[in-house]
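For the sequence shown, this note's numbering assigns the number 2 to the initial residue and increments by one for each residue that follows. Scroll down for the structure; my scribbles are underneath it.
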Amino acid sequence: MWYEKSLDTEQVNGQKIEFMNHTGTHLDGEKHFIGSGRDIASMPLDELVGDAVVADISEKVGDYDVYTSDMIEDVVDVREGDILFIHTGYQEYAWHRENADPHKFFCKHPGPNQEFAEWCKEKNLNYLILDCGSADHPMNTIVRDVRPALADEAADHLGVDDLDEIFPPEGYQLMHTELFPEGIVHVENAQVPGELLNERLQIGTFPWRFRGGESSVSRVVAFTEA
């Protein structure tokens with residue numbers, strides 16, 4: 002952020018702000034991974050507001066764990082077309098929190114595999130919301146390549162010699178590459194109040210809707226009965 006105009010010279014303050022679309026809570030749009038996908042401005046409001054359920058799996062998962070559709074359905078009833086908020090508990094380690102641990106938040110959070118992606122398609126989910134740094138497992142992202150020591154740690158934790166056994170190359174970043182063509186996008190780095198865990202409600206995601214935008218910083222709002 003900087004001042005393009007100032008009280009000292011132009012007698013008025015005017016600021017410019019530069020940031021990534023993937024800063025803080027943000028909606029990953031289709032165009033993030035699909036060149037011909039819709040931009041943020043083309044996503045109508047009625048797609049972004051709807052019936053939702055919050056699944057708290059924080060007691061079921063830890064560092065590098067793979068979560069499954071069964072874990073979700075153990076705690077909530079997920080209906081066709083729902084917005085699904087997955088609470089892993091890892092928002093607790095985000096950079097702005099008292100227990101901030103960026104390595105844990107971005108590189109060690111739990112994530113899904115192919116089974117989960119297929120289940121999302123079968124449920125025809127509206128979209129997903131995650132409380133961690135990515136909708137994909139960190140070992141199914143660039144983290145695996147740029148942090149080889151963590152990849153070794155994850156393989157040991159998951160009981161495999163090669164992470165390709167769980168995350169094969171053809172399924173790289175599958176929550177993006179396989180779900181976005183189906184119209185199932187997601188919000189990353191969101192937070193949900195404790196009183197809404199495992200509850201059914203209405204959720205709306207409100208991005209900055211600008212033409213050509215591949216993704217956008219967003220506000221996620223829960224609507225509950227008074």
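The beta-carbon is built from N, C-alpha and C at its ideal position, and this holds for glycine as well.
Delimiting residues of the alpha helix (DSSP H) encompassing residue i
| i | result |
| --- | --- |
| Q115 | 115 to 123 |
| A156 | 149 to 159 |
| F107 | 103 to 108 |
| H23 | Per DSSP, H23 belongs to no alpha helix (DSSP H) and is neither H nor E. |
Within 8 Å, strictly: CB atoms of residue i and residue j
| i | j | result |
| --- | --- | --- |
| V77 | V50 | no |
| H138 | G172 | no |
| D162 | A155 | no |
| A150 | L164 | no |
Straight-line Cα distance separating residue j from residue i
| i | j | result |
| --- | --- | --- |
| F107 | T225 | 30 Å |
| H104 | Q12 | 44 Å |
| S135 | A42 | 22 Å |
| D29 | L8 | 38 Å |
Supposed contact pair residue j and residue i - C-beta distance, whole angstroms, cut 8 Å
| i | j | result |
| --- | --- | --- |
| H27 | S219 | 6 Å |
| S59 | T89 | 6 Å |
| T69 | E116 | 6 Å |
| H177 | H33 | 7 Å |
| I87 | L131 | 5 Å |
| V222 | F211 | Rounded, the Cβ-Cβ distance is 20 Å, inconsistent with contact. |
For residue i, the three-state DSSP class (helix, strand or coil)
| i | result |
| --- | --- |
| A95 | coil |
| F224 | strand |
| E74 | helix |
| G172 | helix |
Span of the beta strand (DSSP E) around residue i
| i | result |
| --- | --- |
| T206 | 201 to 208 |
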